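S.K.:
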């Protein structure tokens with residue numbers, strides 16, 4: 582089965598705190614892709630990052646970093662020194678290449694509230 | 030370059046009325062997706078097009094929902110007749126036809142059925 586689980590429904594932090602959003606996935610594909618999207622209050626889903634299943638290198642982009650661990654089927658997202666503008670719903674997604682090619686499976690999202 | 034365009038942004042209708050949503054994908058993207066997003070949930074795929082062909086419509090409620098992408102560019106999603114439970118945000122996305130291609134989303138149409 583293809584499934585993405587975001588166990589944290591909502592997280593509240595104070596500005597400048599670090600925060601990690603968890604994502605756990607299930608797939609029967611050997612080659613697959615993982616994504617993070619941000620959905621601000623305006624509503625439009627914004628693509629943040631994509632990783633393929635053969636690349637377990639962690640990635641850092643400014644205040645954002647991603648930790649992909651195949652052994653635990655996790656793809657966690659950390660925001661360092663959070664800002665109010667980071668307040669949004671964040672979605673993790675999975676797409677496979679063997680079963681249901683390029684069909685996206687989204688998690689239920691984690692709502693992040695960053696308070697000043 | 031323009032992103033995915035959707036219209037209308039908001040629609041309020043009475044139950045049993047028909048409604049249609051329009052989407053224009055990013056130029057050059059031959060894959061187009063329609064999603065349904067309920068409050069507090071992630072997007073759920075309704076239908077996926079490769080050019081003008083619907084390659085995955087397994088989750089489209091075909092008794093009342095229909096979609097078309099006649100020339101392989103823009104697309105229309107229709108509901109007839111609408112029910113109260115159809116109130117949601119309808120999202121359109123597009124991507125290149127490559128393994129693992131990221132999808133780019135439009136702003137969505139928020140439908141309210143009274």
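Residue numbers (this note's numbering), protein chains in the order written: chain C, 582 to 697; chain L, 30 to 143. All C-beta atoms in this analysis are idealised placements derived from N, C-alpha and C, irrespective of residue type, glycine included. For clarity, every value in this text was computed on a predicted model and none was experimentally measured.
1. With a threshold of 16 other CB atoms inside 10 Å of the CB of residue 608/C, please say whether the residue is buried or exposed.
2. List, from N- to C-terminal side, the alpha helix (DSSP H) runs of 4 residues or more that fit wholly inside the segment 85-128 of chain L.
3. Please identify the residue among 595/C, 582/C, 679/C and 675/C whose C-alpha is closest to the C-alpha of residue 688/C.
4. Check for me: the beta strand (DSSP E) holding residue 73/L runs from which residue to which?
5. Counting only Cβ pairs nearer than 8 Å, list the residues of chain L close to residue 676/C.
6. Taking 8 Å as the cut-off, does the segment 598-617 of chain C touch the segment 112-127 of chain L (at least 3 CB pairs, one atom from each stretch)?
7. Specify whether the segment 656-671 of chain C and the segment 597-605 of chain C touch according to this definition: at least 3 beta carbon pairs, one from each stretch, less than 8 Å apart.
8. Suppose only complete runs of 4+ residues qualify. What are the alpha helix (DSSP H) ranges in the segment 651-688 of chain C, listed by chain order?
9. Per the DSSP calculation, residue 52/L is bridged to which residue(s)?
10. Report all residues from its chain with a CB closer than 7 Å to the CB of residue 142/L; omit the five preceding and five following residues, and keep chain order.
11. With distances taken Cα to Cα, identify the nearest neighbour of residue 653/C among 680/C, 637/C, 677/C and 668/C.
12. Do you know whose CA, among 639/C, 664/C, 634/C and 663/C, lies nearest residue 651/C's CA?
13. Taking a contact to mean a Cβ-Cβ separation below 7 Å, would you say residue 55/L touches residue 104/L in this structure?
14. How is the beta strand (DSSP E) around residue 633/C delimited, first residue to last?
15. Smallest Cα separation from residue 665/C: which of 621/C, 630/C and 590/C?
M.R.: The structure says:
1. Result: buried.
2. The segment 85-128 of chain L contains no whole alpha helix (DSSP H) run of 4 or more residues.
3. The option with the nearest alpha carbon to residue 688/C is 675/C.
4. Note, residue 73/L: beta strand (DSSP E), 73-79.
5. In chain order: 129.
6. Counting Cβ pairs under 8 Å, fewer than three are found: no touch.
7. The segment 656-671 of chain C and the segment 597-605 of chain C touch, with no fewer than 3 CB-CB distances between them shorter than 8 Å.
8. If you keep only unbroken alpha helix (DSSP H) runs of at least 4 residues inside the segment 651-688 of chain C, you get nothing at all.
9. Note: residue 52/L sits in a beta bridge opposite 35/L and 104/L.
10. The answer, listed in chain order, is 42, 44, 111, 112, 113, 115 and 116.
11. Residue 637/C is the option with its Cα nearest to residue 653/C.
12. Comparing Cα positions, the closest option is 634/C.
13. No; because the gap between Cβ atoms is not below 7 Å, this pair is not in contact.
14. In the DSSP assignment, residue 633/C falls within the beta strand (DSSP E) that extends over 627-633.
15. Selected option, being the one with the closest Cα: 621/C.
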